[in-house]
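Quick note: the sequence shown uses UniProt numbering, first residue 1, plus one each step. This report concerns only the one structure given below.
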Amino acid sequence: MATAMSVSAVSPPAAAVTRPRTMVCVPATARAPREMAAELAAAAALGADVAELRLDCLAGFAPRRDLPVILAKPRPLPALVTYRPKWEGGEYEGDDESRFEALLLAMELGAEYVDVELKVADKFMKLISGRKPDNCKLIVSSHNYETTPSSEELANLVAQIQATGADIVKIATTATEIVDVAKMFQILVHCQEKQVPIIGLVMNDRGFISRVLCPKYGGFLTFGSLKKGKESAPAQPTAADLINLYNIRQIGPDTKVFGIIGKPVGHSKSPILHNEAFRSVGFNAVYVPFLVDDLAKFLDTYSSPDFAGFSCTIPHKEAAVRCCDEVDPVARDIGAVNTIVRRPDGKLVGYNTDYVGAISAIEDGIKASESEPTDPDKSPLAGRLFVVIGAGGAGKALAYGAKEKGARVVIANRTFARAQELANLIGGPALTLADLENYHPEEGMILANTTAIGMHPNVNETPLSKQALRSYAVVFDAVYTPKETRLLREAAECGATVVSGLEMFIRQAMGQFEHFTGMPAPDSLMRDIVLTKT
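Encoded structure:
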């Protein structure tokens, strides 16, 4: 087993044996037996394949009284029984002997799977020697709540678990950075080649992709919670999202991977939009959130052709220019890339769809608010004073786009030096946000916020006071979570025409879809998804 982290060569073997579909397992974590049995039925209704019965979550659990209730037949789903001790991240605080007896009873009552920890697996195997029913599979698990070891150490761990006599290997580690997940993908491929059933997952937000992409690499199962708030591990998605949002049933060895690179990235609606758009045109791909700290390291690690394209958001749009092999001239002029496509030859090509999306949204917003028809050959931005808040990637795109349309651009930023740097490139004045409060050289100005101020969860924040907003005829906010930001609400109250960041989001995403797929974007579908499902 190679120790390199790159997944450039990690893809399922061309001659891989036919393998069973990766199952979706829903943890049942209720405090009472009948409630747990009800959760098992609810998991079946969601479309799960198996339910994990977390006996350690039950209050006052009495095995001989409670297990027949929970495991009563007919059961709507196969049962995976886990009785996790505190020392392995669970809630059970008693002795192993009582715990083992409960697991053995679960086997006798027909549980299809039983999970026991590697640290005590040999002890448990001695207890059940000759008593394990043929229809029950034993999962031997190892959980690391701090790090993800090297590929070599993970391979050794697989061998160690196999040596106990396990039917199924389970390894759960913790990501300190997203590149850690590549090591788990390597192990899944290694086990698939050896025909070793394995559950290999990486916990927390940086490990999220391991939960969605494991079917691509042959994982035995992945966990999805019954609903938000019922997670049994950090950053566990819901089963409904795995099945409906990420279309996990359709993910296989040939599925292309796309996603949004950002920090933070959990707020993004892009997975909802792109996954449904991919599905609508029959494109075999999945779109996931990538929580990335170091862009260059991420792109270097996930260098397989299967990782075919990325959306870039805060704070990586400027770094993306340096990380691409080729950059579209407009994106290079702007100094920011929001779309990366990996060509068949492996080269990364950067584009910017932000500026067209935002500028066209603002232009259409202005046209819709004007009672008199305007000159179709002249932009409604021409000659207008256009104030951009923010000097990052989106700020650069808006400033560039507005200047191209003939606007007089002003840059305002918390850090004056950053504002001045962009203003010099654009050929306009620079201000601090404090200066902007009293900036009122003329009527009819346009304001565009490109910062994250006011983004969920900080919904009460705004980059500019309501008093200062009275100077503006048009206000645009790139933030689209929430749909109506405080900035837009107060601007509307002041009588300004407001343009939502959702419009920019829809339009830039359509541009990205076309770069990703080579197909025309399904315009009305994508608009409908954003307006009704996000």
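Glycine included, each C-beta is placed from N, C-alpha and C at the ideal position. Just so it is clear, the structure is predicted and the values come from calculations on it, not from any experiment.
Tell me residue i's beta-bridge partners as DSSP assigns them.
i      : result
Arg19  : Note: Arg19 sits in no beta bridge, so no partner.
Pro85  : Tyr92
Glu52  : Pro27, Leu80
Pro289 : Ile260
Ala172 : His143, Leu201
Val499 : Phe476
Gly309 : Phe258, Val341
Lys137 : Tyr113
Ser225 : Thr238
Thinking C-beta only, is residue j closer than 7 angstroms to residue i?
i      : j      : result
Ala448 : Phe416 : no
Val169 : Ile128 : no
Thr255 : Lys216 : yes
Tyr351 : Asp328 : yes
Gly309 : Val341 : yes
Arg279 : Pro237 : no
Ile389 : Ala412 : yes
Val349 : Glu326 : yes
Leu433 : Arg414 : yes
Gly38  : Pro63  : Here residue 38 is Ala; the residue named in the question, Gly, does not match the sequence. Contact: no.
Gly444 : Ala402 : no
Gly219 : Leu188 : yes
Met125 : Val114 : no
Ala159 : Leu138 : no
Leu385 : Glu421 : no
Lys405 : Leu381 : yes
Asp66  : Pro33  : yes
Pro289 : Ser268 : yes
Ala296 : Cys323 : yes
Helix, strand or coil: which one does DSSP assign to residue i?
i           : result
Tyr246      : coil
Leu80       : strand
Glu443      : coil
Met526      : helix
Leu201      : strand
Gly60       : coil
Ala399      : helix
Ile340      : strand
Glu514      : helix
Cys323      : helix
Ala452      : coil
Tyr113      : strand
Thr353      : coil
Lys347      : coil
Cys191      : helix
Lys533      : helix
residue 573 : There is no way to answer for residue 573, as the model of the chain reaches only from 1 to 534.
Thr301      : helix
Ile359      : helix
Ser98       : helix
Ala239      : helix
Met519      : coil
Phe505      : helix
Asn458      : coil
Phe278      : helix
residue 551 : Here the chain has residues from 1 to 534 only, and residue 551 is not among them.
Asp167      : coil
Phe220      : coil
Ser465      : coil
Would you please state the rounded distance, in angstroms, between the beta carbons of residue i and residue j? I believe it to be under 8 angstroms.
i      : j      : result
Leu109 : Leu80  : About 13 angstroms separates the two Cβ atoms, so there is no contact after all.
Arg131 : Leu104 : 7 angstroms
Asn338 : Ser360 : Not a contact, Cβ separation roughly 15 angstroms.
His456 : Thr481 : 4 angstroms
Lys123 : Leu154 : Incorrect: roughly 24 angstroms between the Cβ atoms, too far for contact.
Gly90  : Tyr145 : Not a contact, Cβ separation roughly 12 angstroms.
Ala391 : Arg418 : 4 angstroms
Ser141 : Glu117 : 6 angstroms
Ala44  : Cys25  : Contact flag wrong, Cβ pair sits at about 12 angstroms.
Leu291 : Val330 : At roughly 28 angstroms, the Cβ-Cβ gap does not stay under 8 angstroms, so Leu291 and Val330 are not in contact.
Val202 : Val179 : 11 angstroms between Cβ atoms; not a contact.
Leu221 : Met36  : 19 angstroms between Cβ atoms; not a contact.
Arg19  : Gln250 : Arg19 to Gln250, Cβ: 15 angstroms. No contact.
Gly395 : Thr450 : 4 angstroms
Thr29  : Leu55  : The Cβ separation is near 10 angstroms, so there is no contact.
- [ ] Could you name each continuous beta strand (DSSP E) segment of 3 residues or more that falls completely within the stretch 363-445, going from the start of the chain to the end?
- [x] 385-389, 408-413, 430-432
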